[in-house]
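Undergrad: Under the working numbering, the first residue of the sequence shown carries the number 164, and numbering increases by one thereafter.
For glycine and all other residues, C-beta sits at the position ideal for the given N, C-alpha and C.
Predicted model, so just to flag it, every value in this text is computed and none were measured.
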Amino acid sequence: MDSAEQAALSHKPESGTSVKYYNARRLNEFGADGRLQDGSKEMNLVQNRHFDQLAVNTSLSSVLLPPDVRDSDSEVLNAIKWSEHLDPLYVNNYEMDPSLSWQYFGSSTGFLRRYPAIKWPPDENSARSGQELHDFRTSSWYIDAATSPKDVVILLDSSGSMTGERREIAKSVVNAILDTLGNNDFVNVYRFSDDTEELVPCFKDMLVQANMENVREFKNYLDSTRAENIANFSSALIKGFEILQKYNRSGLGCQCNQAIMLITDGPPYDYHDIFKQYNLPHTPVRVFTYLIGRDASNAEEMRNIACSNKGYYVRVSSTSEARENVLNYISVMARPMVMYQNDHPITWTPVYAGGKANNLQSNVGENLDGQLMTSVSTPVFDRRNYSVRTANLLGVVGTDVPIQQIQKLVQPYKLGVNGYSFIINNNGHILYHPDLRPLFQETLKPNYNSVDLTEVELVDTDGGPRENNTLLLDLRHDMIDQKEGETELSVKIHYDDMKRVTTRRYKYFYNAIEGTPFSLGLAIPEGYGMYEVLGEQEIKHSHVNVTEYFKGNNWKVHPDWVYCEYNSMSEHRFKSPEEQVWSQYEEMDKDSYFCDKSLMQSLVFDALVTEGLERLSTLKEDK
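1. Measure the Cβ-Cβ separation of LEU425 and VAL450 and say whether it is below 8 Å.
2. Within 10 angstroms of the Cβ of THR388, are there 16 or more other Cβ atoms? Answer buried if so, exposed if not.
3. Tell me whether TYR726 is buried or exposed, calling it buried when 16 or more other Cβ atoms sit within 10 Å of its Cβ.
4. Can you list, in chain order, the stretches of the beta strand (DSSP E) that have 3 or more residues and sit fully within the region 261 to 329?
5. Report the residue from LEU607, GLU728, SER613 and GLY582 whose alpha carbon sits nearest the alpha carbon of LEU594.
6. Where does GLU774 fall in DSSP's three states?
7. Between which two residues does the beta strand (DSSP E) carrying VAL664 extend?
8. Whose C-beta lies closer than 6 Å to the C-beta of LYS183 among residues of the same chain, with five residues either side of it excluded?
9. Per the contact definition of three or more C-beta pairs closer than 8 Å, is the region 562 to 580 in contact with the region 331 to 339?
10. Give the DSSP-derived three-state secondary structure of VAL336 in the structure shown.
11. Alpha carbon to alpha carbon, how far is GLU361 from ASP368? Give it in angstroms, no decimals.
12. Just list the residues that DSSP pairs GLU360 with in beta bridges.
13. Is the distance from the Cβ of PRO447 to the Cβ of GLN421 below 8 Å?
14. Note down the Cα distance separating SER525 from TYR583, rounded to an integer number of angstroms.
15. Using the Cβ count rule (16 or more neighbours within 10 Å means buried), how would you classify GLU630?
16. Taking the CB atoms as reference points, tell me whether ALA686 and TYR669 lie closer together than 8 Å.
17. Buried or exposed: which applies to GLU695, given that a residue is buried once 16 or more other Cβ atoms fall within 10 Å of its Cβ?
18. Three or more C-beta pairs under 8 Å: does that hold for the region 258 to 266 against the region 311 to 330?
19. Note down, in chain order, each residue of its chain lying with its Cβ closer than 6 Å to the Cβ of VAL371, except the 5 sequence neighbours on either side.
20. Any idea what DSSP makes of THR482, helix, strand or coil?
21. Tell me the DSSP secondary structure of ASP250 in three-state form.
22. Please report the straight-line C-alpha distance between PHE268 and ALA242, rounded to a whole angstrom.
23. Of all the options LYS760, VAL720 and ASP215, which has the alpha carbon lying nearest to the alpha carbon of VAL744?
24. If you draw a straight line from the C-alpha of SER237 to the C-alpha of LEU275, how long is it?
25. Judging by CA-CA distance, which residue of GLY202, LEU683, ARG212 and LEU556 is the nearest neighbour of TRP265?
26. Output needed for SER568: all residues of its chain with C-beta closer than 7 Å, excluding positions within five of it in sequence on either side, in chain order.
27. Does the distance from the CB of ILE393 to the CB of ASP433 come in under 8 Å?
28. Which same chain residues end up closer than 6 Å to ILE676 when comparing Cβ atoms and leaving out the 5 residues on each side of it in sequence?
29. With three or more C-beta pairs closer than 8 Å as the rule, is the region 485 to 492 touching the region 402 to 412?
30. Can you find the residues in the same chain that come closer than 6 Å, C-beta to C-beta, to GLY194, ignoring five residues on each side of it along the sequence?
31. So what does GLY678 bridge to, in DSSP terms?
32. Terminal residues of the continuous beta strand (DSSP E) containing LEU227?
33. Locate the beta strand (DSSP E) running through HIS657, then write down its first and last residues.
34. Can you give me the C-alpha to C-alpha distance between ARG546 and ASN555, rounded to a whole angstrom?
35. When the Cα atoms are used, what is the spatial distance from LEU172 to TRP245?
36. From THR633, ASN589 and PHE366, pick the residue whose C-alpha is nearest to that of ASP615; which is it?
Have a look at this one:
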């Protein structure tokens, strides 16, 4: 049992109990008379460089509720109350590791508890622009942790009865389902009336990866659906089961969970014979049913279909209800993990653009005001020992990890001149790479977080062997499969601000990063790395007056290398890399610091040697 689960079990407020908490929307609201407004709470918020220059309180967390989530709901209120016991854990985590970024708990009831506490909107610019919280339950860090990878078939009724408001509600449901899918999922959308056909013609007889490009294609085609004829449910259901069976038996798709999402204003009966033939008794495919419109005359049939196929039934009577009702399926898909997994799966997201509202609003298409990030998260389950075991997803806990922090673990000075490192995930997409350029004219590219390795490693085929392409694909596949290995490739390299191009042969070494979906690659130019020059000066403050070597302004260090980083300096700004190194040296005696000992001692050695050369040069000039 993890700490979040212990917090959930340690306190359950009695019915009718008033729960006091820090609502991020109601912090420090003062009237014209200077008094705190009714319903608002006062909190000491201090600007913190480590947390995106926002005003925060590192002793508390605050609760953020999207517009459609109300704390008047007893389930929401109960979860808010027990989750306040996470605060001491957050504080302890940050004290133990001050490099930690935001920590948060996303409740399945819809609120987000975030540490350190912030006020929402976080700054005046956000308030002026009208930026609003989005429902984090459609974010990758939440969805991927709460559910396993899945193959999904969406069956959209486009018969003659699906017109007007029903058509718009159905489109909203499809959009909401697509928003919950990610790069580890596979999907297709079928429209059916008298015939069943793919919504996107070029996705015929296949499930496609639910990446940003493919999801965008589905959404673009939604407006082209026409309501006509009579719905042939048998044809649609058989088509859905057959494509899922094809992928399951051939080793394609995600090879994990499978689901059919049936969106209609109601079938004439429950089609038990089809489900008996394709899905019963083991029900490898869960079926979720969405009854569209205000007419509930077919509710019983839709409920029977869902319940007999381990799914979930819901009626959606307006477009505003679509997103919240769709999210119900996530808890159902999480049940196998709750019931059968003792260890909590750790999930890492693809790279995304962070900033002053990480995980609180969508940044796609906006300016990159922060830095590239990944998030690590894990689900929180209700494991209370009921006489009849229940399966309840309480939410997801996570934290953000700046890509820069990961890059620092592979020091460039150890790779040598023109050597570099890169990381890809289990889909072959770049986490970081020297040629990953997410911006176009100061705006994020639409597919910046799904750039494939083959798009940044440009093999040389001009007048050379074309097997380089095959070798690159082999390298990509091995890294996706998290194998260890090495290979050689001739690639095109740009320099001089991309004004010139040359070719260079590299040796590639790669291996899996344990406990993550990532693999690390090292690219070393051919002929490099054969020798290493070792020169270090042991740092002993009592014998060597190192401070003399770093006085004046006639010395420089590499601006991109990390020599040391101290916890006590996380709030400091330095005018130059040299000032930072000097300050780091002065902190060497303190307990709480991270330091590359070899690099620092090499720096001192270089300073010692060059200081002697400078003295010799001065003597010659005097003569």
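TA: Once the coordinates are examined:
1. A Cβ-Cβ contact shorter than 8 Å links LEU425 with VAL450.
2. Buried.
3. Answer is buried; the Cβ neighbour count reaches 16.
4. Runs of the beta strand (DSSP E) lying entirely within the region 261 to 329, each at least 3 residues long, are 266 to 270, 275 to 278 and 313 to 320 in chain order.
5. It is SER613 whose Cα lies nearest to the Cα of LEU594.
6. In this structure, GLU774 counts as helix in the three-state DSSP scheme.
7. Run containing VAL664: 663 to 675, per the beta strand (DSSP E) assignment.
8. Result list for LYS183: empty, nothing under 6 Å.
9. The region 562 to 580 and the region 331 to 339 do not touch, with fewer than three beta-carbon pairs separated by less than 8 Å.
10. DSSP places VAL336 in helix when its eight states are reduced to three.
11. Their backbone Cα atoms lie some 8 Å apart in a straight line.
12. Answer is ARG354.
13. Going by C-beta atoms, PRO447 is nearer than 8 Å to GLN421.
14. No answer about SER525 holds up, because its pLDDT of 44 lies below 50 and its placement is not dependable.
15. Exposed, since its Cβ has fewer than 16 Cβ neighbours within 10 Å.
16. The Cβ atoms of ALA686 and TYR669 sit closer than 8 Å to each other.
17. Counting of Cβ neighbours within 10 angstroms places GLU695 among the exposed residues, the total staying below 16.
18. The region 258 to 266 vs the region 311 to 330: no contact.
19. If we look at VAL371 and ignore the five residues flanking it on each side, its Cβ neighbours are ASN377.
20. Of the three classes helix, strand and coil, the one that applies to THR482 here is helix, per DSSP.
21. In the three-state reduction of the DSSP assignment, ASP250 falls in the helix class.
22. Rounded to whole angstroms, PHE268 to ALA242 spans 11 Å at the Cα level.
23. With distances taken between Cα atoms, VAL744 lies closest to VAL720.
24. Their Cα atoms are separated by approximately 16 Å.
25. Out of GLY202, LEU683, ARG212 and LEU556, ARG212 has the C-alpha closest to the C-alpha of TRP265.
26. According to the sequence shown, residue 568 is Gln rather than Ser. Apart from the 5 residues on each side of it in sequence, GLN568 sits with its Cβ closer than 7 Å to the Cβ of SER262 in its chain, given in chain order.
27. No, Cβ-Cβ distance for ILE393 and ASP433 is not below 8 Å.
28. Counting only Cβ-Cβ distances below 6 Å, and skipping sequence neighbours, we find LEU683.
29. The answer is no - the region 485 to 492 does not touch the region 402 to 412, with fewer than three Cβ pairs under 8 Å.
30. Around GLY194: GLN200.
31. According to DSSP, which records beta bridges pairwise, GLY678 is partnered with nothing at all.
32. Its beta strand (DSSP E) spans residues 225 to 227.
33. For HIS657, the enclosing beta strand (DSSP E) starts and ends at 648 to 658.
34. When only Cα atoms are considered, ARG546 and ASN555 end up about 8 Å apart.
35. Residue confidence for LEU172 is low, a pLDDT of 49 falling below 50, so the modelled location carries little weight; the figure read from the coordinates is stated next. If I take the Cα positions, the gap works out to 8 Å.
36. Closest by alpha carbon: ASN589.
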